[in-house]
Every structure is written in C-alpha cells, then in structure tokens.
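The opening position of the sequence shown corresponds to residue 851 in this note's numbering, with each subsequent residue numbered one higher.
Just so it is clear, CB atoms sit at the ideal spot from N, CA and C, and this is done for glycine as well.
These notes are about the structure you will find just below.
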Amino acid sequence: MRELELAGQVVELVRRLGGPGAQAEAVVTRADLALTRFANSAIHQNVSESTVGVRLRLHLDGRTAGGSGSIVTADGLRALVERTLAAARLGPLDPAWPGLAPPTPAPAAPPVDEATAYAEPDQRADRVGAFVAAAGGLSTAGYCRTAHRSSAFANSAGHTASGRSADAAMDGIARRDGADGVARRYADRLSDLDGAELGAHAAAKAQAAADPVELPPGRYEVVFEPAAVADLLQNLSWYGFNGKRYVERQSFAEPGVAQFDRSVTLVDDPLGASGLPFDAEGTGRRALTLVEAGTTRAVAHDRRTAVEAGAESTGHAVAGGATWGPMARNLRLSGAAAGPASAAGRSTTGAAAGAVGDADTAALVAGVRRGLLVSDLWYTRVLDPKSLVITGLTRNGVWLIEDGTVVRAVRDLRFTESYPRALGPGAVLGLGARPVRQPDRVDGAWWAAPSVRLASWHFTGGASG
C-alpha cells in the first residue's frame, strides 16, 4: 500500500532530522469523494476529487506539535517534517504527553464494497432521477454521494496499521408551497440506497406539512423520527461521552450511574459498517458500550485522556483531538422496541396523510394522547455543556397528534432542552425496532437512530422567536 510506505517515510524523516529522541506518528489518507447534487428537480452539479493528505504529530524534548500537508514528493514531506519540528521547538512543554501506541495488531476491518468505492456518476444520477420521479412533480433538491478512503498509520515505536473504507449517502427534500419533507440514508453499499423510496417518503412528508397551524409554547409529549434522533446522538457523543470533557468535569456522564431510561442502550460500533480499523493514534477500533439498559458504562478515550482518567484508550482519537477530544462517531441507539402498529397509529386525517412514514413510527404515534410528531432538528447549539442543555429548531415537518392519530401540520418551533434529561429514567416511552443510519457532515460518521417516543420536550416558542 502506497500510503503505508509514505507514512513510514515521514517517520524516518523525523528520526533523521529530529534525532533519536524524537517520537512521531504519521497518518496518510487517500480520499476519493464524488458528489451528485440536484436542485429544482434537476442535477446541476457532479463533482469528484481525489486527494492525499498527510498528518504528522511529534514529541521532542518534552514538547508536542502537529502538522499536515498534501504534497507527498520527497521535498514536500521534508518540508512538512521541518516545519513541524520547528513548531515543536517553539511550543510549550507538554507534561501530559501519553507516548506512542505500541505495536499491536489492528482488528479485522469489514470488507469494502468495490462497486461503491469506484461508483460512476451515472449510478448516482440514476438514484437522483428515481428520487425526483417519485416526488410526483414536487420541487426537489439534495445530493447523492460516494466515498472511498485508503489510510495507513506508522509511528516511531514500530507500530503500523492500514485499512480502507467506502460508503454512500443520499439526502434530499421535496417541497410543496414552502413546506419541506426530508429523507436521508447512509449505507455501506450504493446499491442499498433506493432513490424512489426516499423520494416518495420526502414527497409524502411535504404534502402532509401543508397549511400548518401555530401551537403555544410548553412541554409536549413527542415522537422523534430518526433524522431528529440523530441530532440527539451526535450531541450526546460530542459533548457527553467525550473523554476530554469528562476529565475536565464538563460532561454529564457518570459511569456506573443509571442516567438514562432502562430502554436505552448506546453502542459506538465503528466496525459494524465499512470503516477504518484504527484511530488517529493507531489504536485499534472496536465496539464500545456507552450506555447499557440505562446505565452509563463508559466514555470515549484517546491516549491522552485515558492517562488522565486512569483508563485505556478506547480507539477514539481524532485529528485535532488535543482541542476537541476523542469522539464516538458511529453511535447506535437500541433498546426495548414498541409493539406492532395499530390501526389508529397508521391513520391520519386530511392534509396530514403521509406524515407517518413507517410502521415503527406508527406504533409510537398510536400511544400518544396529545403530542407532536417531529421529523428533524437543526441549528442546535449548546447552552450548558455540563447538563447538555441545547436550543434549536424543528425542521422539515411537525404534526399534532391527538388520540393516536396525526391530525394536522404545525409550524416549526424553537426548543430548549437537556438531552440527558429528555432520555432519563422513565422519560422514554418507546423506541422503534429498526435503527436507520443517518449521514453526518464528518467523513465516515453516521448515527443509527430509530424513532423514539419521549414523555416531554420543552418548546419555547415559534421558530422566529
């Protein structure tokens, strides 16, 4: 693998230019990314890029520095090493340096789907065409993308690792008179993305979102669809189960304490799909149970936070981890599922027909006396990291539920809520049986989220308030 050879060259350059006391780790990644984007129901952009990136972190004379580059010629690699050595010599002392990962076999990675890794533009265009056709004349917009990454790691302790990953995602909306419906999927294989299914789902949601009414602020029982639940998982991961925030006492997480409803189990599962078998420090990645039947069991650690916490790295180091901390980026929510959908749960009235898109959501809706069905959350911002109080907006469809039936669309609402409290003991009234993987903005990240029924969610006013 060419990437492994380059990573070894960088480490050897550090040894030659920095002396025998220099410790170094290098990651070389080749990324082939392709995107087919559409708007106004037509493809307007097809782009692809192939890049090679080199990340270097070194420790010299008690000081640590990092650098990166994209020029992999001999001169380019030498320039990267020289400027990173110069930065280390000028930097502050780093007494918490955890050392390098020792030589350890990496776990076996799942196989890569070659058809996805080398997908052609017309394959993505076919799915876009199916999405647009299934929307039945509504205006549509979104994208279909594929990605293939080949990465290698080497350090001066003699540890090496390499791997490949490939994935595909589709994210689209259908619009009717200013009302949007959304459909998103993340998959290991492009062949698993059904553009027609997603387009029909988005169109049905948009049709059902017409003529919304305003509701007063207050606490409502809610049913969140997978796109909305994905935001909960992302924020819980980045701010709660982050080892850096944990050791700095800025996280709500208390391992061994029943902080969540007993129906909640959260597992970070990086190898449950196509993914690299090692993290940014070369540590092998594995499944990590963060919450088991409501009890917090662990937080994610890299080598630095593990030393501070008296633990071991869980394989969650990321680029820039000194600033952001380790992150679980493939979180799956599962637990006790709701029962089968009833006729009431599947029924809607008038313009709200189509708001409930699947049997799991219907089963949860069926049990709600009065509450809201929420498709998506967005523009979420942390107000208090310790209790993880977040404010944000609903998006792409909200509906009023009465006596197990979706009765009409509601205007978007602003909310302010503590995510751990909303998922706390006794607060989760049901989970769907089938988590749906939702794509994230971060490369290789996804959130496997079922629909969820929560006893209470605090809406503070209209979306413009």
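Residues in the same chain with beta-carbon distance under 7 Å from residue i, minus the five sequence neighbours each way, listed in chain order, please.
i	result
Gly1189	For Gly1189, the pLDDT reaches just 44, beneath the cut-off of 50, and the residue's location in the model is therefore unreliable, leaving the point undetermined.
Arg1196	In this prediction, Arg1196 scores a pLDDT of 46, lower than 50, which makes its location untrustworthy; the coordinate-derived value is nonetheless stated afterwards. Val1206, Ala1212, listed in sequence order.
Thr1310	Pro1067, Arg1264, Phe1265, Thr1266
Gln973	Leu1040
Val1141	Phe1110, Val1114, Thr1115, Leu1116, Arg1147
Tyr1269	Leu1082, Asn1085, Leu1086, Leu1238, Ile1240
Gln1057	Arg1026, Gly1204
Glu1064	Arg1261, Gly1312
Leaving out five residues on either side along the sequence, give the residues of the same chain with a beta carbon under 6 Å from the beta carbon of residue i.
i	result
Val1302	Phe1074, Val1079, Leu1281
Ser1192	Per-residue confidence for Ser1192 stands at a pLDDT of 43, beneath the threshold of 50, marking its modelled position as unreliable; the derived number appears in the next sentence. Result list for Ser1192: Ala1216, in chain order.
Thr1230	Asp1081, Ile1240, Gly1242
Arg995	Leu885, Ala1019
Asp882	Ser900, His998
Ser1306	Arg1069
Val878	Glu853, Leu856, Ala857, Val904, Ala1002
Pro1062	Ala1259, Val1260, Arg1261
Arg1094	Reading off the sequence shown, one finds Lys at residue 1094, where the question assumed Arg. Excluding positions up to five away in sequence, the list reads Thr1155, Gly1175.
Val962	Arg1014, Ala1016, Ser1124
Val1149	Phe1091, Gly1093, Tyr1096, Ala1103
Ala1295	Arg1179
Val1224	Val1072, Phe1074, Ala1078, Thr1244, Val1248
Thr966	Thr996, Ala1016, Ala1018, Arg1039, Leu1040
What's the call for residue i, buried or exposed, on a 16-neighbour Cβ count within 10 Å?
i	result
Val1292	exposed
Ile1251	buried
Trp1297	buried
Tyr1070	buried
Glu899	exposed
Asp1253	exposed
Gln859	buried
Leu1233	exposed
Pro1120	buried
Asp1027	exposed
Trp1328	Because the chain spans 851 through 1315 in this model, residue 1328 falls outside it and cannot be assessed.
Gly1131	The sequence as given places Glu at residue 1131; Gly does not occur at that position. Label assigned to Glu1131: buried.
Tyr968	exposed
Arg1136	exposed
Trp1174	exposed
Gly871	exposed
Pro1300	buried
Asp911	exposed
Gly1276	exposed
Gly868	buried
Asp1042	exposed
Val897	exposed
Asp925	exposed
Pull up the DSSP beta-bridge partners for residue i, would you.
i	result
Met1020	Cys994, Arg1035
Asp1234	Val1239
Asn1092	Ala1150
Pro960	Bridge partners of Pro960: none, in fact.
Val878	Val904, Ala1002
Gln873	His909
Ala889	Ala892
Asn1180	Trp1296
Leu930	Answer by DSSP bridge pairing: none, since Leu930 is not bridged.
Val1308	Strictly speaking, residue 1308 in this sequence is His, with Val absent from that position. Arg1069.
Arg1264	Leu1243, Gly1311
Leu1043	Per DSSP, none; premise fails for Leu1043.
Trp947	Its beta-bridge partners do not exist; DSSP assigns none.
Ser898	Ala884
Pro1289	Trp1296
Roughly how far, in whole angstroms, is the beta-carbon of residue i from the beta-carbon of residue j, given that I think they are within contact range, below 8 Å?
i	j	result
Ile893	Val1032	Not confirmed; about 19 Å, so no contact.
Tyr1096	Ala1159	7 Å
Ala958	Ala938	In fact, because the Cβ distance is near 35 Å, the residues do not count as touching under 8 Å.
Gln1100	Lys1236	6 Å
Gly917	Leu906	5 Å
Ala984	Ala1046	4 Å
Phe888	Gly992	6 Å
Pro942	Arg913	7 Å
Between residue i and the ligand PLP, is there a pair consisting of the residue's CB and a ligand heavy atom that are separated by less than 7 Å?
i	result
Asp1208	This structure does not include the ligand PLP; it has no bound ligands of any sort.
Excluding the five sequence neighbours on either side, which residues of its own chain have a C-beta within less than 8 Å of the C-beta of residue i, listed in chain order?
i	result
Gly1274	Gln1109, Phe1110, Asp1111
Leu935	Val864, Leu867, Gly868, Ala872, Leu908, Leu910, Ala915
Ala951	Glu875, Asn1005, Ala1007, His1009, Glu1131, Gly1132, Thr1133, Arg1153, Ser1163
(request) Examine the Cβ distances between the segment 1239 to 1247 and the segment 1166 to 1180 and report whether three or more of them are shorter than 8 Å. (result) no
(request) Determine contact between the segment 1105 to 1116 and the segment 1015 to 1022, defined as no fewer than three beta-carbon pairs at a distance below 8 Å. (result) The answer is no - the segment 1015 to 1022 does not touch the segment 1105 to 1116, with fewer than three Cβ pairs under 8 Å.
(request) Kindly confirm or deny that the segment 1035 to 1050 and the segment 914 to 929 touch, where touching means at least three C-beta pairs closer than 8 Å. (result) no
(message) When you compare the segment 1003 to 1014 with the segment 859 to 870, are there three or more beta-carbon pairs, one atom per stretch, that lie closer than 8 Å?
(response) In short, these stretches touch, since the Cβ pair count reaches three.
(message) Measuring CB atoms only, is the segment 1042 to 1055 touching the segment 1121 to 1130, in the sense that at least three cross pairs come out at less than 8 Å?
(response) no
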